[in-house]
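Undergrad: Heads up: take any position in the sequence shown, counting from 1, add 150, and you land on this note's numbering. Cβ atoms here follow ideal geometry from the backbone N, Cα and C, with glycine treated the same way. Quick one: this structure, given as structure tokens, is what I'll be asking you about.
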Amino acid sequence: MKPSSSLFRKKSVDQILKDAHDADSGLEKVLGVRDLVSLGIAAIVGAGIFSTIGLASYNGGPAVSLLFVFTAIACVFTALSYAQFASTVPVSGSAYTYAYVAFGEFFAWIIGWALILEYAVSNMVVAISWSEYFVSMLSGFGIHIPGYLTMDPGSASEAFSKMQLLGLEALTTSEQFAAAAFEAAPRIAGIPIIFDLPAGIITALVTWLVYLGIKESRTASNLMVVLKIGVVLLVILAGAFYVKPENWTPFAPNGVKGVLSGVAAVFFAFIGFDSISTTAEECKDPQRDMPKAMIYCLIICTVLYVLITLVLTGMVNYKELNVSDPLAFVFEYVGLDFMAGLISVSSVIAITSALLVYQLGQPRIWMTMSRDGLLWKRFSKIHPKYHTPSFATIVTGFVVGIPALFFKMDFFVDLTSVGTFFAFILVCGGVLYLDHSGLSKQSKFKVPYINGKYIVGLLLLVAIWALVQYGQDTLSEWAGFTFMDILEHKVLTIVFWLTWITLSVLSFKYNFSLLPVAGILTNLYLMTELGSSNWFIFMIWLVIGLVIYFSYGYRKSKLAKP
């Protein structure tokens with residue numbers, strides 16, 4: 151292999167497959183289509199179905215059920231691109247490996263580093279969310295854990311300071327609980343000892359399970375998914391008897407704008423299907439099974455989401471659904487309190503299964519990066535007995551568990567989306583590269599080809615026309631912006647429109663496939679919905695990553711060696 155000093159040096163598909171084979175990874179090939187679909191459902195159907203679905207229904211009414219269908223179709227654009235790469239490069243690096251083939255090492259490192267952030271932060275959010283649901287469930291059974299063992303110190307300190315400044319009456323119920331926890335906390339050298347113990351414990355338990363082996367993780371995931379789907383189906387069937395068709399009228403009470411206001415939350419409810427690709431080296435036949443599993447789990451989750459939305463909005467008026475736990479709320483509303491308790495238990499199971507899948511994915515990305523020489527060799531070490539990336543799994547446990555003990559969830563929530571959408575865009579773009587370079591001939595699965603030569607540009611003209619005709623509020627808002635306002639809040643929106651123009655020209659010139667282009671534009675549009683503070687944190691993370699890459703990975707890369 152000829153050494154290269156280029157930042158954009160690429161690995162061929164044959165090279166990647168040879169390296170994976172030569173590494174003799176020791177990972178057990180035990181996963182079939184059913185197992186992969188189970189892992190996908192476990193990752194997708196997490197806390198979202200128990201919480202965000204209520205807010206989306208409140209804003210859009212029953213018509214949100216159609217938004218789930220349209221959003222699923224948008225997700226399919228990306229899922230098909232992942233499926234083609236997974237069938238072409240069946241190794242565990244997910245978007246990192248795909249970027250290595252399509253765009254070169256520098257972009258691969260950025261994606262790999264972004265995925266580390268995505269998986270770690272996602273799991274911190276999931277662990278903290280699990281703690282909240284778990285504590286709530288125990289409270290329902292009359293079991294109470296001291297408040298100072300169930301929250302982050304920042305929230306408790308802020309609530310206590312607010313109480314001293316404004317008085318107890320000015321605090322919300324949750325703030326009163328946090329202030330009381332601050333007062334009751336034991337102290338060492340005057341410092342209150344406050345941390346989220348359940349979040350730390352569940353992270354440790356799931357890390358231990360992932361460490362033990364893929365078979366054990368598969369069994370646990372399958373069991374939790376069966377229980378989760380069983381409860382969701384029970385909710386749908388039981389709720390159907392309490393549906394009042396008049397609650398579905400009007401179908402879209404706040405119009406198209408109200409429905410679309412929930413597009414980001416609804417899209418996030420589908421995120422997680424990409425985590426399947428991190429288990430490629432543990433699949434019996436990844437080139438056959440990966441594409442099937444991604445599409446199957448999206449179809450199943452879409453059907454469940456649509457049915458639950460229709461049941462929710464049929465049981466009560468959509469105006470009642472602006473609550474944090476809509477499923478439990480509607481059953482309490484109709485007098486089925488035992489169902490509310492069952493949903494509480496199910497939500498804990500749902501979140502646990504999501505935590506398991508994400509905790510399974512991150513060590514395998516580290517392992518693949520280490521195998522390429524971009525991270526230290528210990529990250530690719532496979533346990534001789536359990537056949538798992540042992541060191542990477544332990545590090546993942548600490549990276550997720552320690553922040554989950556001490557930080558609040560709000561700090562992390564939107565940050566998870568930056569890395570996700572960034573990876574999605576490069577994977578969709580990578581498929582265009584595969585097609586243009588002829589590498590798609592090696593793919594056992596291909597994204598269905600629809601010639602975008604004229605369609606991409608035509609859709610751009612339609613979008614501009616719709617903006618001029620129906621987007622007067624948006625245009626008026628832009629007219630009032632200063633240059634600094636645009637720089638701070640609207641740079642991504644400008645990038646979105648410029649990208650669409652560029653892709654229209656390139657599609658006309660090179661006959662680009664429509665579906666990957668649609669995937670790029672969909673994900674880029676959703677990125678414009680993210681706050682600027684998230685990008686600031688992401689850039690800091692990126693700078694740290696670049697320091698590591700240039701001080702270690704660039705020199706130690708296998709492509710830099712003869």
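Go ahead and label GLN512 buried or exposed: buried means 16 or more other beta carbons lie within 10 angstroms of its beta carbon, across all protein chains shown.
TA: With 16 or more other Cβ atoms within 10 Å, it is buried.
Undergrad: In whole angstroms, what separates the C-alpha of VAL285 from that of SER425?
TA: Going by the C-alpha atoms only, they are around 28 Å apart.
Undergrad: What are the start and end residues of each continuous alpha helix (DSSP H) run of 4 or more residues lying completely inside the stretch 272-345, in chain order?
TA: Qualifying alpha helix (DSSP H) stretches, in chain order: 303-316 and 323-334.
Undergrad: Scan the stretch 428-489 and note each continuous alpha helix (DSSP H) run of 4 residues or more that stays entirely inside, going in chain order.
TA: Runs of the alpha helix (DSSP H) inside the stretch 428-489: 436-465 and 476-483.
Undergrad: Could you give the residue range of the alpha helix (DSSP H) that holds THR632?
TA: Neither: THR632 is in no alpha helix (DSSP H) and is coded neither H nor E.
Undergrad: In the DSSP assignment, find the unbroken alpha helix (DSSP H) run with PRO553 in it and report its ends.
TA: That run of the alpha helix (DSSP H) goes 540-556.
Undergrad: Which one or two residues does DSSP pair with SER663 in a beta bridge?
TA: For SER663, which the question treats as bridged, DSSP gives the partners ASN601.
Undergrad: Would you call TRP358 buried or exposed, if buried means 16 or more other Cβ atoms sit within 10 Å of its Cβ?
TA: Exposed, by the Cβ-count rule.
Undergrad: Taking only beta-carbon positions, decide if GLU431 is within less than 8 Å of chain C.
TA: Chain labels in this structure do not include chain C; a single protein chain is all it has.
Undergrad: Grab me the residues of SER540's own chain with a C-beta within less than 8 Å of its C-beta, minus the 5 sequence neighbours each way, in chain order.
TA: Around SER540: TYR361, LYS531, ILE532 and HIS533.
Undergrad: With 16 other CB atoms within 10 Å as the buried threshold, where does LYS168 fall?
TA: So LYS168 counts as exposed.
Undergrad: Would you call the stretch 519-528 and the stretch 694-709 touching, i.e. three or more CB-CB distances under 8 Å?
TA: Yes, the stretch 519-528 touches the stretch 694-709.
Undergrad: Can you tell me which of SER701, VAL241, ASN467 and SER411 puts its alpha carbon nearest to the alpha carbon of THR221?
TA: Of the listed residues, the one whose Cα sits closest to THR221 is SER411.
Undergrad: For the alpha helix (DSSP H) that LEU355 lies in, which residues bound it at each end?
TA: It spans 347-362 - the alpha helix (DSSP H) in which LEU355 sits, taken as one unbroken run.
Undergrad: Between the Cα of ALA349 and those of PHE548, LEU709 and VAL376, spot the shortest distance and give me the residue it belongs to.
TA: Here the closest residue by C-alpha is PHE548.
Undergrad: When you compare the stretch 392-412 with the stretch 463-472, are there three or more beta-carbon pairs, one atom per stretch, that lie closer than 8 Å?
TA: The stretch 392-412, when compared against the stretch 463-472, does touch it at the 8 Å Cβ threshold.
Undergrad: Do the CB positions of ALA500 and THR353 come within less than 8 Å of each other?
TA: No, the pair does not count as a contact, with Cβ atoms beyond the cut-off.
Undergrad: Return the first residue and the last residue of the alpha helix (DSSP H) that LEU217 is part of.
TA: Run containing LEU217: 214-238, per the alpha helix (DSSP H) assignment.
Undergrad: Could you spell out the range, first to last residue, of the alpha helix (DSSP H) harbouring LYS407?
TA: Counting along the chain, the alpha helix (DSSP H) containing LYS407 begins and ends at 405-410.
Undergrad: Nearest CA to the CA of PRO240: which residue from ALA430, LEU321 and ILE364?
TA: Of the listed residues, the one whose Cα sits closest to PRO240 is ALA430.
Undergrad: For the pair the stretch 371-379 and the stretch 486-501, tell me if three or more CB-CB distances fall below 8 Å.
TA: Yes: the two stretches touch, three or more of their Cβ pairs being nearer than 8 Å.
Undergrad: Taking buried to mean at least 16 other C-beta atoms within 10 Å of its own C-beta, is SER427 buried or exposed?
TA: Counting Cβ neighbours within 10 Å, SER427 comes out buried, since at least 16 surround it.
Undergrad: Does LEU524 come out as helix, strand or coil in the three-state DSSP assignment?
TA: Coil, per DSSP.
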